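2 protein chains.
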Amino acid sequence: MKTFILGLLICIPPGHLQAQHDEPDLNMIKKIRQEGFNHSQVMDLAFFLTEASGPRLNNSPGFRRAADFTKNKLSEWGLSNARLEPFGEWGKGWELKRCYVAMSAPYYKPVIAFPKSWTAGTNGLQTAGVVLLSIGDASDLEAYKGKLNGKVILLRRIDSLEPAYEADARRYSNEELKEMAKWKNVEAGELNKTANTGLQGKGYTSAHDHNEKPKRPGGLSYTQLKQFAREEGALAILSTNPRGRDGTVFVQGGGAWAGSAAENFPDLVLAYEDYMMLQRMAQRRIPVTLEIDVKTQFHTDDLQGYNVIAEIKGADPKLKQELVIIGAHLDSWHASVGATDNAAGCAVMLEAMRILKTLNVQPRRTIRIALWGGEEQGLLGSKNYVRQHFTDTATQRYNAAGDKVSVYFNLDNGTGKIRGIYLQENAAVQPVFAKWLQPFTDLGASTITLQRTGGTDHLSFDAIGLPGFQFIQDDIEYDSRTHHSNMDSYDHLQPGDLKQAAVIIASFVYHAAQRNEKIPRK
Amino acid sequence: MKTFILGLLICIPPGHLQAQHDEPDLNMIKKIRQEGFNHSQVMDLAFFLTEASGPRLNNSPGFRRAADFTKNKLSEWGLSNARLEPFGEWGKGWELKRCYVAMSAPYYKPVIAFPKSWTAGTNGLQTAGVVLLSIGDASDLEAYKGKLNGKVILLRRIDSLEPAYEADARRYSNEELKEMAKWKNVEAGELNKTANTGLQGKGYTSAHDHNEKPKRPGGLSYTQLKQFAREEGALAILSTNPRGRDGTVFVQGGGAWAGSAAENFPDLVLAYEDYMMLQRMAQRRIPVTLEIDVKTQFHTDDLQGYNVIAEIKGADPKLKQELVIIGAHLDSWHASVGATDNAAGCAVMLEAMRILKTLNVQPRRTIRIALWGGEEQGLLGSKNYVRQHFTDTATQRYNAAGDKVSVYFNLDNGTGKIRGIYLQENAAVQPVFAKWLQPFTDLGASTITLQRTGGTDHLSFDAIGLPGFQFIQDDIEYDSRTHHSNMDSYDHLQPGDLKQAAVIIASFVYHAAQRNEKIPRK
């Protein structure tokens, strides 16, 4: 019996014992809501991060403008140690300086196109014929030897556009949220298995797929193909994907960005409808002339990568060495201004800090904001930051400094409001977050799921055993339109959603900073 | 009692008496279905009308290529008298020869833009600042005097983009079709009232709105504004509309096209997201530089407008002078290749003729196909054709030649399959079409509604008292994406739907040609 009771006590996660102390501070929440809803600056912040700065491809001038703006804004608000902190050698900056593509014969038609990042230009306006390649494996390239000089290359596609019977924008239904909340912890030993509920939405592309080298059927890689195209004197290679449609184009990277990397072959993504038109013309043997003028610029003056860091210093002598960290990534892809990926998250995190600072909160723990660089190339800013500051190299778990980190909160699933939080299978934190979320039920945020979610910077903390969390957000048009596309623009931001997220995060951060204990580890 | 019975007989429309003779020829329908579904050429025809020809703005080179293709194809199939028939002086052809717009400072961003048709170019690549005009009435222009030289003009907008919670594509539900079928005839004297069921979909733009001169608040017309812009030496005026989003831009005409008309001021429609970015930059007083290079070409070698006409001659000596006419409009707007508006209708009507010719049908009446020019400028091709051939000038009703027209069938509501037919309040024809539709219930076409529908060429026949009908078609993406936009492209065509439509129309045409009587008039 005693043994049984002892066993029971051992099984109860520490969070349960703490939960009675986690009653939310309703007076503070009232103030946060008033500031966050009635005096919001989140859309101003979003404007300066997006349209005023430009595309924020890592290490590009747009990224630097946004980083400088952010650092200055944080200083202006009175945060401590606002700085651009290098996270190690990263690579070349790159920006688009000109992009014009059109079909000029047999008649004129503008083409919507974007070069992949870190690709070379065309050395001015070129006119070129089109060659449609139909390739199984490397041996099929032989047939095209001597035929590609000065040409633009297409690869034959066999897909087609289906009518869009599903809406581009959606919010989670109550039923979906209930399903998420029911999700049970996986067995011990399966902790690395990612939850797959299908609720993340179709077509979700993780941050890690940018550099994939898709194998052609038969094993020819895209890199081999581009090598062949270069050797043959081709002008550029074009591609597309039916995920982008109606003028929306999804575009990522076109190869290596390291300081020592060779320039990547010109490689453009076209609107699906334009690409397929060129393919059909080629299949019908109707001669086509393209006009193509792409100018790109590489920046090699500073190959370091940077995160933007600032703090509200803790006021409790016993706890001020401990950290509550909030973050989002500052870098973006380049075909638009990265509004939902992830100026939205940055603006919300900045706004949360502004709210707390405006309310003159004196937190017990130090609250740190970290806006990461290099997320789109593999969470590089946060990974390196966590490695440099918090990781025991031998064990790859958190070190003594890392032990001072109570929790990390991340926001990076678009513009959608917060519907709850993913626990990353950390059951012990469930009763804590349940109490903290309760005051926001009226704002639609009430779901706590044990599910893991992936694809962004909380994983860097989670990887060394620190509590790192991403909120559940409504998808809105993230998967269908904005995520890594030319439509990731300011007009696709939802002001009401961003205000809600800033209010909830300011409250979570405040409560994490005031809590007697750190957030329990898994 | 007798009187009552007599009254009853008088009240029964002639169609009811005929209905017993309108049993469909199931053997012929079987052949039509086999040819239309198993040997369809409808997508080949659509390709040649769209991507092989180019945009088919009336009297443009693209229109002429499509007209020539069509005429030759009809001749090749063995139809009689395939010809381009002039319908009177129409005006200038116009085509786009170059369109490049980008923001080049404070950073580079390509802009999706199209000039309105019949507008002038920019005389090469220009760089220009942007001026945002906020204008109530003409007196407000004073404030901008001397400030617009070499500038690009924006007009302040106060709308915003809402998330797209409704799908772009849709088909009629059974409930909607049932509602349409229930629709009752309006009172006598209200026959000109257009049915407004809301089922046509939001945002439907009639063929007649191209030339509207929207009044600015306070009464300043767009024409006055352009006049002021020209006098002040402005480079161009830009506009947008939130109906176009995600890279889709809806673009129509930018002024007069008459042979004697002056050149219209450069006038471009931008993607909503791009336009609003420029507006926000201007509102924040962030200096912006635009690169803009628009080249347009006017064609004045032949100011006549043309319809394409051909026939399968009737074989019944008594009836061969009578006509069953099918049509669709060949012209389009210019920002894409007019695939759903209305290459779809043309390809279906051509395919219907091909099916009948392939089956070596010997119709009793003559079957005529008419592909109209100038529809987008006000049904001009069909109106003039009907006026020249079938109209009594004094009464504005059909004349003796018009009396030989049994019926006109039109298809011009996009790529969607046929779900039934609008009777244009001609109750007498209901039992006839009910019999003719019955064999196509399995293809989703079974709804007959007394409703009128507008916006296209059957109105030209209806206007003089001849039976002219447009089929009920699923909307698919017509209102949301394709109708008068840069996305009216081949990939948005639905092959299965076009095959279905061709089969049903071939059958309707056949039965109309074989029927003992002409289709009853209203």
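So the sequence lines, in the order shown, correspond to chains Z and W.
Numbering-wise (full-length UniProt numbering), the first sequence opens with residue 1 and increments by one.
Numbering-wise (full-length UniProt numbering), the second sequence opens with residue 1 and increments by one.
Yeah, the Cβ is synthetic: ideal placement off N, Cα and C, and Gly gets one too.
Since we're looking at a predicted model, the values are computed, not measured.
Check: Beta-carbon proximity of Z/M487 to W/G247, cut-off 8 Å; Outcome: yes
Check: The region 494-502 of chain W in contact with the region 413-429 of chain W per 3-pair CB rule at 8 Å; Outcome: yes
Check: Beta carbon proximity, W/D168 to chain Z, threshold 8 Å; Outcome: yes
Check: Interface flag, Z/R157 vs chain B, CB-CB below 8 Å; Outcome: Although the question refers to chain B, the structure presented lacks it and instead comprises the protein chains Z and W.
Check: Span separating the alpha-carbon of Z/K313 from that of Z/D22; Outcome: 22 Å
Check: Span of the beta strand (DSSP E), counted from its first residue to its last, around Z/T428; Outcome: Correcting the residue type first, residue 428 of chain Z is Ala in the shown sequence and not Thr. Taken as a continuous stretch (DSSP letters only), Z/A428 belongs to no beta strand (DSSP E), as it is neither H nor E.
Check: Nearest-angstrom beta carbon gap, W/A512 and W/V324 [assumed within contact, 8 Å]; Outcome: 4 Å
Check: Cβ shell of Z/P242 (< 6 Å), same chain only, five flanking positions each side left out; Outcome: D159, L161 and Y272
Check: Residues of the region 485-502 of chain W whose Cβ lies closer than 8 Å to any Cβ of chain Z, in chain order; Outcome: N486, M487, S489, Y490, D491, H492 and Q494
Check: Interface positions of the region 379-397 of chain Z facing chain W (Cβ-Cβ less than 8 Å), listed along the chain; Outcome: none
Check: C-alpha distance - W/P520 paired with W/A343, whole-angstrom precision; Outcome: 30 Å
Check: Among Z/P431, Z/V337 and Z/L359, the one whose alpha carbon lies nearest that of residue 523 of chain Z; Outcome: The shown model of chain Z, from 1 to 522, leaves out residue 523 of chain Z, and the question about it has no answer.
Check: For residue 536 of chain Z, three-class secondary structure by DSSP; Outcome: Absent from the model: residue 536 of chain Z. The displayed extent of chain Z is 1 to 522, so no value can be given.
Check: Residues of its chain near Z/N399, where Cβ-Cβ distance is below 8 Å and the 5 sequence neighbours each way are ignored; Outcome: F390, T391 and D392
Check: Those residues which DSSP pairs with W/V308 across a bridge; Outcome: W/L84 and W/L371
Check: Cβ of W/E175 within 8 Å of any chain Z Cβ; Outcome: no
Check: The region 279-294 of chain Z / the region 248-261 of chain Z touching (three or more Cβ pairs under 8 Å); Outcome: no
Check: Test item: CB-CB of W/I448 and W/I421 under 8 Å; Outcome: yes
Check: Boundaries (first-last residue) of the beta strand (DSSP E) holding W/F114; Outcome: A113 to P115
Check: Test: W/A164 CB closer than 8 Å to a CB of chain Z; Outcome: yes
Check: Element boundaries [alpha helix (DSSP H), containing W/A256]; Outcome: Counting along the chain, W/A256 falls outside any alpha helix (DSSP H), and DSSP gives it neither H nor E.
Check: CB contact check: W/A52 to chain Z, cutoff 8 Å; Outcome: yes
Check: Stretch-stretch touch, CB-based, cutoff 8 Å, three pairs: the region 76-93 of chain Z with the region 231-242 of chain Z; Outcome: no
Check: Whole-angstrom C-beta distance between W/I355 and W/I32, which should lie under 8 Å; Outcome: 6 Å
Check: Own chain residues within Cβ distance below 8 Å of Z/P61, not counting five before or after; Outcome: G54, G93, E95 and H299
Check: CB of W/W90 within 8 Å of CB of W/G444, strictly; Outcome: no
Check: Straight-line gap, Z/Q514 to Z/S460 (C-alpha atoms, nearest Å); Outcome: 24 Å
Check: Local conformation of Z/H483 per DSSP, three classes; Outcome: coil
Check: Separation of W/K383 from Z/D491, as counted between CA atoms; Outcome: 43 Å
Check: Contacts that Z/G247 makes with chain W (C-beta to C-beta distance below 8 Å); Outcome: I112, D246, G247, T248, V249, A271, N486 and M487
Check: Alpha carbon of W/M43 to alpha carbon of Z/G345, nearest angstrom; Outcome: 46 Å
Check: Beta-carbon spacing of Z/H458, Z/Y408 below 8 Å; Outcome: yes
Check: In chain order, each alpha helix (DSSP H) run of at least 4 residues that lies wholly inside the region 24-51 of chain W; Outcome: 26-38 and 42-49
Check: Separation of W/T119 from Z/G121, as counted between CA atoms; Outcome: 32 Å
Check: Beta-carbon proximity check, W/A310 vs W/L74, cutoff 8 Å; Outcome: yes
Check: Cross-strand partners of W/F471 (DSSP beta bridge); Outcome: W/I421
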